[in-house]
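A quick write-up on the structure given underneath.
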Amino acid sequence: MVIRLPDSERLAAVLRICQRMNSERALPQLLDLVAEEAARLLDADRASIFLLSEDGRELTSKVALGSPQMIHFASDLGIAGSVVASGETVIVKDAYSDPRFYQDVDNLTGYRTLNLLAVPMTTNNGRVIGAFEILNKRDGCFEDDDVQLIKSLAANAAIAIQTARLIAELDSRRVTLEHENRNLWREVGGKLPSQLLLGTHPRMEELRRMIARIADTEITVLITGESGTGKDLVARSIHFASPRAARPFVALNCAALPEALLETELFGVEKGVATGVDRRAGKFESAQGGTIFLDEIGDLSLAAQAKILRVLQDHVVERIGGRTNISVDVRVIAATNKDLTAAMKKGEFREDLYYRLNVVHLKTPALREMPGDIPALANALLYRVASGMKRVAPPLSAAAIQVLLRSSWPGNVRQLENELRRATIVAQGPEILPSDFSEELTAVSVTPEPPSGLQQELEALERRRIQDALAANANNQQRTAKALGLSRQGLINKLKRYGIRTSPPREE
Ligand SMILES: Nc1ncnc2c1ncn2[C@@H]1O[C@H](COP(=O)(O)OP(=O)(O)OP(=O)(O)O)[C@@H](O)[C@H]1O
Ligand SMILES: [Mg+2]
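Heads up, the sequence shown stops at 507 in numbering that gives the first Met the number 0, and the numbers go up one at a time, no gaps.
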């Protein structure tokens with residue numbers, strides 16, 4: 000036996016349903032909720048919502064509650080069609096004898112409609128957006144008070160559906176925009192840094208190829224190389240060529256901070272850990288969705304290494320003084336100019352962390368390993384550093400390039416940049432001269448080159464000629480110099496250079 004709810008309780012039920020509808024933002028769930036509650040309220044077997052398409056030509060409904068499958072038919076068909084067209088309520092006592100009834104819907108859903116109540120769904124500006132049908136009342140037929148109830152429910156449902164549609168549209172626009180934004184970043188960012196990475200030596204080409212290959216992945220990268228060889232630049236190149244380009248790139252120099260501060264920097268801190276301490280997110284959290292660059296990772300203490308390892312394994316961080324884990328989606332790139340293998344052997348670097356970081360190992364070559372690149376690199380960097388200082392630099396003279404070629408570049412590209420910056424400011428003439436470089440550079444470069452084969456031969460010849468001339472002129476330096484076409488001082492210099500000891504002049 001069915002017990003019909005008293006009117007006040009039915010009204011209270013409608014209000015409860017409206018409240019739930021207003022907090023449901025996803026359209027499919029909202030449709031299910033409205034249908035289910037309406038059927039229960041009217042003691043009917045089921046309810047269907049037919050939504051009118053944007054152009055008004057089609058009606059769409061769910062095949063069944065909870066099903067993602069939809070049925071579509073022309074908007075002038077069926078009872079739903081006539082309700083939408085007329086804006087009037089329709090009560091049907093025997094569906095199959097009503098000429099307006101569209102049996103195909105039953106055929107498609109496998110349901111048998113006996114009686115029904117259909118009301119239009121109208122938004123508050125009077126637009127009909129669909130029809131609401133309650134099917135197969137369990138006990139008797141639909142009555143007037145059912146109509147009132149379902150009309151007020153339909154009016155509220157229409158508004159909730161409009162809102163859900165609007166939200167879905169905004170959401171899809173946001174997704175499109177984010178997608179476009181990401182692609183733009185990749186296009187712009189992907190080009191910029193790899194062009195910034197100069198050099199045509201095969202090792203540089205290989206480095207650029209690797210960056211392009213791994214950028215798209217989530218792989219953890221370890222970059223090693225001497226100071227000033229572009230580790231920072233490589234890390235940025237990877238980030239800006241990756242799908243994370245539009246998200247933050249957060250760099251942290253692990254060597255620059257004392258142990259206690261480092262943890263706060265990395266993991267953040269909760270309010271009240273110490274007096275005056277405010278709640279603050281750490282670098283891992285700030286890099287959410289992007290990349291964290293752990294520079295000078297070889298300088299981390301063993302304790303800090305253990306903590307970083309935990310983040311890499313569990314993808315969660317815990318703020319200092321906090322009790323909850325915050326999950327982080329961050330790509331990790333680490334760099335160091337230390338020899339981590341040696342550090343591992345000495346027990347200064349954790350092996351497990353090393354293997355976590357070292358999924359891909361990129362090595363930045365030292366400048367002295369690519370001498371052929373120096374002239375082109377110097378010219379390009381000269382232009383870059385000068386524009387950075389809003390200046391125009393004179394070109395490098397041939398002699399200046401010779402000096403650059405002879406240096407051993409302990410500071411690599413950074414040192415080269417600094418020399419060029421200095422020369423841009425110091426140079427007075429139409430060309431940059433060796434004297435425009437720092438003493439450090441010229442001091443290194445004036446040390447004589449190791450003699451080449453030809454030079455060795457020439458020197459040996461010169462030495463022999465001097466010795467012969469000395470013998471022929473009885474060790475008399477004045478005459479020997481004259482015979483060789485040298486000044487007296489010129490001869491003395493050469494004697495010194497070749498370490499030739501002369502005996503006192505012989506009596507003749
Ligand atoms: N291949 C390169 N092409 C162009 N510029 C480069 C290249 N390598 C390095 N540089 C420049 O040299 C300078 C130093 O590079 P970077 O800071 O990346 O070096 P690093 O390896 O991180 O050094 P450190 O170990 O001292 O931190 C930067 O200004 C960078 O732009
Ligand atoms: Mg660096």
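Quick reminder that beta carbons are idealized off the backbone N, C-alpha and C, glycines included.
As the structure is a computational prediction, the values presented were derived from the model and not from experiment.
Close beta carbons around residue i, own chain, < 8 Å, minus the five adjacent residues each side
i, result
"E368", "H200, R202"
"A482", "A468, A471, N472"
"R487", "Q476, Q477, A480"
"A247", "Before going on, a small fix: residue 247 reads as Pro here, not Ala. Only S285, A286, Q287, G288, G289, T290 meet the Cβ criterion."
Residue closest to residue i, alpha-carbon to alpha-carbon, out of the options
i, options, result
"R9", "I160, E36, R496, S22", "E36"
"D138", "S81, L40, F49", "L40"
"T290", "K493, F266, A245, L256", "A245"
"A43", "E142, L76, A130", "E142"
"R405", "T441, G428, V412", "T441"
"A11", "N106, M120, L148", "L148"
"D46", "A280, T112, D338", "Rather than Asp, the amino acid found at residue 46 in this sequence is Ala. It is T112."
"V249", "F283, S74, G109, Y382", "F283"
"D54", "I431, E439, A73", "A73"
"L251", "S241, A234, R212, N135", "A234"
"Y110", "A154, A156, V62", "V62"
"Q18", "I158, E225, G321, G229", "I158"
Contact test: residue i Cβ vs ligand 2 heavy atom, cutoff 6 Å
i, result
"D170", "no"
"K306", "no"
"D313", "no"
"D298", "no"
"K345", "no"
"D294", "yes"
Residue environment, residue i, which counts as buried when at least 16 other CB atoms sit within 10 Å
i, result
"D580", "Residue 580 is absent from the model: the chain starts at 0 and stops at 507."
"L176", "exposed"
"P447", "With a pLDDT of only 48 at P447, under the threshold of 50, the placement of this residue in the model should not be trusted; the figure read from the coordinates follows. P447 comes out exposed."
"N114", "buried"
"Q454", "exposed"
"M69", "exposed"
"G198", "buried"
"Y353", "buried"
"E132", "buried"
"Q427", "exposed"
"I78", "buried"
"V391", "exposed"
"R126", "exposed"
"D372", "buried"
"P449", "Caution applies to P449, whose pLDDT of 49 falls short of 50 and renders its modelled position unreliable; the model cannot decide the point."
"I499", "exposed"
"K345", "exposed"
"E204", "exposed"
Proximity test, residue i beta-carbon vs ligand 1 heavy atom, cut-off 6 Å
i, result
"L460", "no"
"S236", "no"
"V220", "no"
"S226", "yes"
"Q196", "Residue 196 is actually Leu in this sequence, not Gln. Yes - ligand 1 has a heavy atom lying nearer than 6 Å to the Cβ of L196."
"V402", "no"
"R413", "yes"
"G229", "yes"
"N336", "yes"
7 Å CB neighbourhood of residue i in its chain, flanking five on each side removed
i, result
"T335", "T223, E295, I296, G297"
"L195", "L232"
"R496", "none"
"P433", "A398, A399, V402, T441"
"A342", "G297, F348"
"I90", "L116, F141"
Own chain residues within Cβ distance below 6 Å of residue i, not counting five before or after
i, result
"L50", "T59, G129"
"L14", "none"
"I16", "E36"
"V146", "T88"
"I400", "P374"
"A333", "L221, L293, I296, L356"
"M0", "Residue placement at M0 cannot be trusted, given a pLDDT of 46 that sits under 50; the coordinates are not used to answer."
Distance cut-off 6 Å: residue i Cβ against heavy atoms of ligand 3
i, result
"L232", "Ligand 3 is absent from the structure shown, which contains only ligand 1 and ligand 2."
Rounded Cβ spacing between residue i and residue j (contact assumed at less than 8 Å)
i, j, result
"L366", "L415", "6 Å"
"I218", "V359", "5 Å"
"A303", "L261", "6 Å"
"G281", "E258", "Not confirmed; about 15 Å, so no contact."
"D338", "L308", "About 20 Å separates the two Cβ atoms, so there is no contact after all."
Any C-beta of chain D under 7 Å from that of residue i
i, result
"R235", "As a matter of chain content, chain D is missing from the structure shown, which is built from one protein chain."
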